[in-house]
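Numbering that gives the first Met the number 0 puts the last residue of the sequence shown at 238; the count rises by one with no breaks. C-beta: ideal position from N, C-alpha, C; glycine also.
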Amino acid sequence: MLVLEDVSKTYDGKRMAVDRLNLKVQAGEIFGFIGPNGAGKTTTIKMLTGLLPPTAGRIMINGVDLAISPVEAKRNFTYVPDHPEIFTAIRGIDYLNFIADMHDVPTSKRRARIEKYTQLFAIEDALGELIHSYSHGMKQKLLICGALLPQAPLFILDEPLVGLDPLAAKRLKEIMVKHCAAGGTVFFSSHLLAVVDQICDRVAVINQGELVICDRVERIKNGFAQSLEDIFLELTQDA
Ligand SMILES: Nc1ncnc2c1ncn2[C@@H]1O[C@H](COP(=O)(O)OP(=O)(O)OP(=O)(O)O)[C@@H](O)[C@H]1O
Ligand SMILES: [Mg+2]
């Protein structure tokens, strides 16, 4: 579903924020992307979503080269950024309808999906209000509802659980697991190692722009005979 071939990024022409990253994420996987602050997770995710052009390398999404056919590639995923930066002068419902329009969600399905997701994340009563009045977590939830609406095969999520209350975090984790059980794919970054341990099929650790390890969670744990937290700290201790 997602292939990165020797993907690199340098912001200033000097130090590599991401250094020849190679990853393959299969359909049906929940893939966790972890690493210390400044390791290159968000930079990688911004390249995957087409927000940042890679300095070098190739990104394929569902067999489509993101650089050659960006619109076709982008039809395969939705994305939740690390900060809920969102146009605030419209109402929540307007934002969701806009996203539904962009992704051609038919009107017959739109209402039921909006109801379902906004109820799940308990923001249905705020949909008539301007986003300007939303709390940080409410904006985050609105972005998540928007990302779920099109039911795209791939979810790309940058620290999606940050700022969510415990119930919303639980609901999102359940949705991620269900999505993959139904053949969908999730690529997400996180600092919450317990969550990564709990729900991921495979995990990649990035440190200073370089891939340190990429494997099934239980294989990594068996290989080191340690907790994921201890393994993470050992692999990234130079950071
Ligand atoms: N817009 C930018 N201009 C210059 N350098 C940048 C920019 N954005 C990120 N960087 C640098 O790229 C490197 C990777 O940053 P990135 O945001 O990808 O890290 P991250 O793994 O997402 O960290 P965090 O866990 O804090 O979110 C860091 O050294 C950072 O300083
Ligand atoms: Mg980040």
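Assign L50 to one of two classes, buried (16 or more other C-beta atoms within 10 Å of its C-beta) or exposed (fewer than that).
Taking the first residue of the sequence shown as position 1, residue 50 is located at position 51. That one is exposed.
Taking V194 as the reference, give the member of E209, A181, P165, G208 with the closest Cα.
Residue numbering aside, residue 194 sits at position 195 when the sequence shown is read from its first letter. Ranking E209, A181, P165, G208 by Cα distance to V194 puts P165 first.
Look at L163 and I113 and say whether their C-beta atoms are less than 8 angstroms apart.
The residue given as residue 163 occupies position 164 in the sequence shown. The residue given as residue 113 occupies position 114 in the sequence shown. Taking 8 angstroms as the Cβ cut-off, L163 and I113 do not qualify as a contacting pair.
Where does the unbroken beta strand (DSSP E) through A38 begin, and where does it stop?
The residue labelled residue 38 in the question sits at position 39 within the sequence shown. Per DSSP, A38 belongs to no beta strand (DSSP E) and is neither H nor E.
Is K40 near ligand 2, with its Cβ less than 7 angstroms from a heavy atom?
Residue mapping note: residue 40 aligns to position 41 of the sequence shown, counting from 1. Flag set: Cβ of K40 near ligand 2.
I'd like to know whether the C-beta atoms of F231 and L191 end up nearer to each other than 8 angstroms.
Translated into positions along the sequence shown, residue 231 becomes position 232. Translated into positions along the sequence shown, residue 191 becomes position 192. Not closer than 8 angstroms, so no.
Would you check whether ligand 1 has a heavy atom nearer than 7 angstroms to the C-beta of I11?
Against the sequence shown, residue 11 aligns to sequence position 12. It is Asp, not Ile, that sits at residue 11 in the sequence shown. Yes, the beta carbon of D11 sits closer than 7 angstroms to at least one heavy atom of ligand 1.
Which whole-angstrom value describes the C-beta separation of I92 and L126, a residue pair presumed to lie in contact below a C-beta threshold of 8 angstroms?
Counted from its first residue, the sequence shown places residue 92 at position 93. Counted from its first residue, the sequence shown places residue 126 at position 127. So it is a contact: roughly 4 angstroms between Cβ atoms.
Distance, Cα to Cα, S189 vs N36?
Mapped onto the sequence shown, residue 189 falls at position 190. Mapped onto the sequence shown, residue 36 falls at position 37. Looking at the two C-alpha atoms, the distance is approximately 10 angstroms.
Of the residues A180, L227, M175, which one's Cα is nearest the Cα of V202?
Here residue 202 is taken as the residue at index 203 of the sequence shown, counted from 1. Distance from the Cα of V202 is smallest, within the candidate group A180, L227, M175, for L227.
Check whether the Cβ of Y116 lies closer than 8 angstroms to any Cβ atom in chain B.
Going by chain labels, chain B is absent from the structure shown, which holds only one protein chain.
Please confirm whether any heavy atom of ligand 2 lies closer than 7 angstroms to the CB of D229.
Counted from its first residue, the sequence shown places residue 229 at position 230. False, no ligand heavy atom lies under 7 angstroms from that Cβ.
By Cβ distance, which residues of its chain are closer than 6 angstroms to V176, with the 5 residues on each side in sequence left out?
Along the sequence shown, read from residue 1 onward, the residue named residue 176 stands at position 177. Excluding positions up to five away in sequence, the list reads I198.
What distance in whole Å lies between the Cβ atoms of L234 and V204, which are believed to be in contact at a cut-off of 8 angstroms?
Numbered from 1 along the sequence shown, position 205 holds the residue referred to as residue 204. Numbered from 1 along the sequence shown, position 235 holds the residue referred to as residue 234. That pair is a contact at about 5 angstroms.
Which value, in whole angstroms, describes the spacing of the CA atoms of M101 and R14?
By 1-based counting over the sequence shown, the position of residue 101 is 102. By 1-based counting over the sequence shown, the position of residue 14 is 15. Looking at the two C-alpha atoms, the distance is approximately 37 angstroms.
Taking the straight line between their C-alpha atoms, what separation do you get for I67 and I130?
Locating residue 67 in the sequence shown gives position 68, counting from the first residue. Locating residue 130 in the sequence shown gives position 131, counting from the first residue. Answer to the nearest angstrom: the Cα atoms are 35 angstroms apart.
If we call anything under 8 angstroms between Cβ atoms a contact, is T42 one with D81?
The residue you call residue 42 lines up with position 43 of the sequence shown. The residue you call residue 81 lines up with position 82 of the sequence shown. No, they are not a contact pair.
Using CA atoms only, rank isn't needed, just tell me which of D124, L141, M46, I219 is closest to T9.
Within the sequence shown, residue 9 is the residue found at index 10, counting from 1. Answer by Cα proximity: M46.
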